[in-house]
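Numbering-wise, UniProt numbering puts 32 at position 32 of the sequence shown, and it's gapless, one number per residue.
Even for Gly, the Cβ is constructed at its ideal location relative to N, Cα and C.
Structure first, commentary second.
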Amino acid sequence: MEYPSWGFYPVVKNQDTYILPNRITSIPSLTTSLLPRGLGRSYGDSCLNENGTLIITSQLNHFISFDESSGVLCCESGITFDEILKFAIPRGWFLPVTPGTKFVTVGGAIANDVHGKNHHCAGNFGHHVLSFELLRSNGERLRCSRIDNSDFFFATIGGLGLTGLITWAEFKLTKIQSSFISQEQIQFDSLADFLTLSEQSEKDFEFTVSWVDCVNTAKDVRGIFIRGNYCKPSESAVLKVHNTDTFKTVPLFFPEWILNSFSIRAFNELYYRKNLSHHKSNIVHYEPFFYPLDSIYHWNKIYGKRGFLQYQFVIPYKNDQGAALSEIFSLLQRSQMGSFLAVLKTFGSIPSEGMLSFPKEGITLALDFPNHGESLYEVLEQCDQIVRSVNGAVYPAKDARMRKESFAEFYPRLNEFEKYIDPNFSSSLWRRVK
Numbered sequence: 001m002e003y004p005s006w007g008f009y010p011v012v013k014n015q016d017t018y019i020l021p022n023r024i025t026s027i028p029s030l031t032t033s034l035l036p037r038g039l040g041r042s043y044g045d046s047c048l049n050e051n052g053t054l055i056i057t058s059q060l061n062h063f064i065s066f067d068e069s070s071g072v073l074c075c076e077s078g079i080t081f082d083e084i085l086k087f088a089i090p091r092g093w094f095l096p097v098t099p100g101t102k103f104v105t106v107g108g109a110i111a112n113d114v115h116g117k118n119h120h121c122a123g124n125f126g127h128h129v130l131s132f133e134l135l136r137s138n139g140e141r142l143r144c145s146r147i148d149n150s151d152f153f154f155a156t157i158g159g160l161g162l163t164g165l166i167t168w169a170e171f172k173l174t175k176i177q178s179s180f181i182s183q184e185q186i187q188f189d190s191l192a193d194f195l196t197l198s199e200q201s202e203k204d205f206e207f208t209v210s211w212v213d214c215v216n217t218a219k220d221v222r223g224i225f226i227r228g229n230y231c232k233p234s235e236s237a238v239l240k241v242h243n244t245d246t247f248k249t250v251p252l253f254f255p256e257w258i259l260n261s262f263s264i265r266a267f268n269e270l271y272y273r274k275n276l277s278h279h280k281s282n283i284v285h286y287e288p289f290f291y292p293l294d295s296i297y298h299w300n301k302i303y304g305k306r307g308f309l310q311y312q313f314v315i316p317y318k319n320d321q322g323a324a325l326s327e328i329f330s331l332l333q334r335s336q337m338g339s340f341l342a343v344l345k346t347f348g349s350i351p352s353e354g355m356l357s358f359p360k361e362g363i364t365l366a367l368d369f370p371n372h373g374e375s376l377y378e379v380l381e382q383c384d385q386i387v388r389s390v391n392g393a394v395y396p397a398k399d400a401r402m403r404k405e406s407f408a409e410f411y412p413r414l415n416e417f418e419k420y421i422d423p424n425f426s427s428s429l430w431r432r433v434k
């Protein structure tokens with residue numbers, strides 16, 4: 001069985017696998033380097049280990065305990081967010097932080113310290129983790145928390161799976177009274193409008209995010225700002241779990257010519273115009289609000305066999321009021337590197353705890369690009385230079401090409417982190433950036 005990354009790039013030709021049968025079993029002694037593997041939703045090579053071995057955690061899929069009064073859940077690291085939602089929602093609980101897909105494992109969420117639409121008030125997933133067990137290749141088992149083995153705790157959160165294998169984790173869920181979201185959609189026509197909406201919304205709304213048209217030829221940025229809160233019982237007191245039976249599937253890779261600058265520009269124009277009213281409010285289920293792409297299995301095949309790259313960065317904006325972001329938008333327009341999906345939001349002031357955690361206060365933009373090869377890589381390298389110039393960072397969980405010099409600048413605690421790497425663990429990404 002092949003284990004590609006979600007972006008189908010880079011392609012790994014030689015990669016072994018070992019399925020860990022349970023959390024009691026020790027890691028076998030192998031001659032190749034090791035890397036834990038969850039569901040492989042990382043876009044680049046952080047979930048790949050060329051000429052090494054992936055430790056498959058699919059059998060670590062058991063709930064261990066749940067305190068219904070406090071919402072503290074303990075489960076094995078191979079449990080998925082999808083499974084947690086099915087378990088927790090009927091009991092009136094939800095994930096404290098969730099990325100744009102529920103098809104990730106708990107271990108992967110910790111290793112990448114994932115973030116979501118509520119960063120300004122909830123931080124990263126790692127902020128809600130209480131403890132976990134870290135299994136090292138020498139058989140040592142470390143119970144890690146903010147008190148016990150705290151150095152390994154903070155190295156493992158956002159540590160890209162390099163410090164060892166997480167066997168189980170304990171974290172706190174969020175209490176909800178409804179699984180529906182009261183959302184508002186607001187058109188904006190400039191970066192200044194986006195920043196104003198963000199500042200206003202973060203006071204009263206738990207969730208904020210924006211779709212942005214990055215191929216629009218106008219001088220400024222336009223998009224749709226989305227904000228929402230869990231419904232109150234008076235609006236909707238229903239605790240309804242998503243139904244995967246209605247999901248569609250992309251069975252084959254699309255021809256590569258389908259996604260081009262013209263089709264992307266047309267899609268963006270239609271998407272922007274479909275919201276004819278400037279300000280629209282409605283109630284939606286959590287599934288389309290948090291996970292709009294999950295309803296299409298294998299949607300990553302629409303980019304063709306060459307795959308695609310996602311590029312996500314964060315830049316501080318208080319000093320230059322978004323000048324660096326405007327420069328990146330201009331660069332993308334000049335290069336005609338259109339993004340089919342472009343997501344813009346702000347990170348709040350809650351500092352990340354992990355040594356290599358990505359989020360920091362500022363603006364973050366995530367872009368999907370069909371893999372155009374060297375021409376795309378050159379443009380993204382120029383984007384890296386802009387991000388570096390303002391002390392920003394690029395998200396390694398989604399990266400497939402950044403240089404080691406950039407990685408070192410993006411993550412100033414890199415040398416400190418290296419002390420906690422398991423000597424027998426590695427990844428394709430790690431060898432590339434080190």
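Bridge partner(s) assigned by DSSP for asparagine 229: As a working note, residue 229 is residue 229 in the sequence shown. Partner(s): Ser182.
Serine 305: first and last residue of the uninterrupted alpha helix (DSSP H) it sits in: Reading the sequence shown from its first residue, position 305 is the one you call residue 305. In the sequence under discussion, the amino acid at residue 305 is lysine, which differs from the serine named in the question. For lysine 305, there is no enclosing alpha helix (DSSP H), as DSSP gives it neither H nor E.
Chain B contact for threonine 167 (CB, 7 Å cutoff): Although the question refers to chain B, the structure presented lacks it and comprises just one protein chain.
Backbone CA spacing between isoleucine 315 and isoleucine 27 [nearest angstrom]: The count along the sequence shown starts at 1 and reaches residue 315 at position 315. The count along the sequence shown starts at 1 and reaches residue 27 at position 27. Between isoleucine 315 and isoleucine 27, the alpha-carbon positions lie close to 39 Å from each other.
Spatially closest choice to alanine 408 from Lys398, Tyr420, Arg388, by CA coordinates: For this step, residue 408 is matched to residue 408 along the sequence shown. Out of Lys398, Tyr420, Arg388, Arg388 has the C-alpha closest to the C-alpha of alanine 408.
Secondary structure of asparagine 282, DSSP reduced to three states: Counting from 1 along the sequence shown, the entry for residue 282 is found at position 282. Strand at asparagine 282.
Reference serine 5, options Phe66, Val104, Pro99, Trp93, closest by Cα: Residue mapping note: residue 5 aligns to position 5 of the sequence shown, counting from 1. The shortest Cα separation from serine 5 among Phe66, Val104, Pro99, Trp93 belongs to Val104.
Cβ-Cβ distance between lysine 434 and tyrosine 291 below 7 Å: For this step, residue 434 is matched to residue 434 along the sequence shown. For this step, residue 291 is matched to residue 291 along the sequence shown. Going by C-beta atoms, lysine 434 is not nearer than 7 Å to tyrosine 291.
Cβ neighbours of glycine 78 in the same chain (closer than 6 Å, five flanking residues each side left out): Counted from its first residue, the sequence shown places residue 78 at position 78. Contacts found: Thr57, Ser58, Leu60, Asn61, Thr105.
Inter-residue Cα distance where the pair is phenylalanine 410 and cysteine 75: For the purposes of this step, residue 410 is taken as the residue at position 410 of the sequence shown. For the purposes of this step, residue 75 is taken as the residue at position 75 of the sequence shown. When the Cα atoms are used, phenylalanine 410 and cysteine 75 turn out to be separated by approximately 32 Å.
Endpoints, beta strand (DSSP E) assigned at phenylalanine 425: Locating residue 425 in the sequence shown gives position 425, counting from the first residue. Where phenylalanine 425 is concerned, there is no enclosing beta strand (DSSP E), given that its DSSP letter is neither H nor E.
Isoleucine 350 (DSSP reduced to helix, strand or coil): Within the sequence shown, the letter at position 350 stands for residue 350. In the structure shown, isoleucine 350 sits in coil (DSSP, three-state: anything other than H, G, I, E or B).
Given 8 Å, three or more beta-carbon pairs between the stretch 419–431 and the stretch 331–346: Verdict: no, contact absent.
Counted within 10 angstroms of its Cβ, other Cβ atoms place glutamate 199 as buried (16 or more) or exposed: In the sequence shown, residue 199 corresponds to position 199, counting from 1. Per the 10 Å Cβ criterion, exposed.
Under 7 Å between C-beta atoms of glycine 307 and glycine 158: As a working mapping, residue 307 is identified with position 307 in the sequence shown. As a working mapping, residue 158 is identified with position 158 in the sequence shown. No; because the gap between Cβ atoms is not below 7 Å, this pair is not in contact.
Top-ranked residue by Cα proximity to histidine 298, from Pro36, Met1, Gly7: On the sequence shown, residue 298 is found 298 positions in, with the first residue counted as 1. Nearest option by C-alpha distance: Gly7.
Simplified DSSP state of tyrosine 18, which is helix, strand or coil: Within the sequence shown, the letter at position 18 stands for residue 18. Correct three-state label for tyrosine 18: strand.
Per-residue DSSP class, three states only, for glutamate 133: To locate residue 133, count along the sequence shown from 1; it is residue 133. Looking at glutamate 133 - three-state DSSP - the assignment turns out to be strand.
CA nearest to the CA of lysine 360, picked from Asp368, Thr174, Pro351: Walking along the sequence shown from the start, residue 360 turns up at place 360. Restricting attention to Asp368, Thr174, Pro351, the CA atom closest to the CA of lysine 360 is found in Pro351.
Arginine 227 and threonine 196 closer than 7 Å at C-beta: By one-based count along the sequence shown, residue 227 stands at place 227. By one-based count along the sequence shown, residue 196 stands at place 196. For arginine 227 and threonine 196, no; Cβs fall outside 7 Å.
Close beta carbons around histidine 285, own chain, < 6 Å, minus the five adjacent residues each side: Counting from one through the sequence shown, the residue named residue 285 turns up at place 285. Once the five neighbours on either side are set aside, the close Cβ partners of histidine 285 are Phe180.
Through-space distance from asparagine 391 to residue 438, alpha-carbon basis: Absent from the structure is residue 438, since the part of the chain shown begins at 1 and ends at 434.
Of the residues Phe329, Glu170, Leu73, Tyr303, the one placed nearest serine 190, counting alpha carbons only: For the purposes of this step, residue 190 is taken as the residue at position 190 of the sequence shown. Selected option, being the one with the closest Cα: Phe329.
Residues sharing a beta bridge with serine 210, DSSP: Residue numbering aside, residue 210 sits at position 210 when the sequence shown is read from its first letter. Phe225, Leu344, per the DSSP bridge assignment.
Contact check, serine 46 vs leucine 160, beta carbons under 7 Å: Looking up residue 46 in the sequence shown gives position 46. Looking up residue 160 in the sequence shown gives position 160. The Cβ-Cβ distance between serine 46 and leucine 160 falls below 7 Å.
Identity of the residue in Leu165, Pro21, Gly92, Pro412 nearest leucine 134 by Cα: Indexing the sequence shown from 1 puts residue 134 at position 134. Looking from the CA of leucine 134, the closest CA among Leu165, Pro21, Gly92, Pro412 belongs to Leu165.
Unbroken stretches of the beta strand (DSSP E), 3 residues or longer, contained in the stretch 70–119: The beta strand (DSSP E) runs lying completely inside the stretch 70–119 and spanning 3 residues or more are 72–76, given in chain order.
Residues that DSSP places opposite proline 36 in a beta bridge: Start at 1 with the first residue of the sequence shown, and residue 36 comes out as number 36. Paired residue(s): Ile55.
Exposure label - glutamate 170; buried when at least 16 CB within 10 Å: Taking the sequence shown and counting its residues from 1, the one referred to as residue 170 is at position 170. It is buried - the Cβ of glutamate 170 has at least 16 other Cβ atoms within 10 Å.
Span of the beta strand (DSSP E), counted from its first residue to its last, around glutamate 170: By 1-based counting over the sequence shown, the position of residue 170 is 170. That run of the beta strand (DSSP E) goes 165–172.
Close-in-space but distant-in-sequence residues of the same chain around alanine 88 (CB under 6 Å, 5 per side omitted): Position 88 of the sequence shown, counted from the first residue, corresponds to residue 88. Within the same chain, alanine 88 has close Cβ partners Leu173.
Neighbourhood of leucine 367 by C-beta, 6 Å cutoff - its chain only, sequence neighbours within 5 removed: Counting from one through the sequence shown, the residue named residue 367 turns up at place 367. For leucine 367, same chain residues with a beta-carbon under 6 Å away, outside a window of 5 residues either side, are Tyr311, Ser339, Ala342 in chain order.
Residue burial classification, glutamine 321 (beta-carbon count within 10 angstroms, cutoff 16): Counted from its first residue, the sequence shown places residue 321 at position 321. Glutamine 321 is exposed by the Cβ-count criterion.
Given isoleucine 24 as reference, the closest of Trp211, Leu35, Ile186, Trp168 once Cα atoms are compared: By one-based count along the sequence shown, residue 24 stands at place 24. Looking at the Cα atoms, Trp168 is the closest of the given residues.
Residues that DSSP places opposite alanine 393 in a beta bridge: Position 393 of the sequence shown holds residue 393. Beta bridge pairing from DSSP links alanine 393 with Val314.
Alpha helix (DSSP H) segment containing isoleucine 328, residue limits: Along the sequence shown, read from residue 1 onward, the residue named residue 328 stands at position 328. Unbroken alpha helix (DSSP H) run through isoleucine 328: 323–335.
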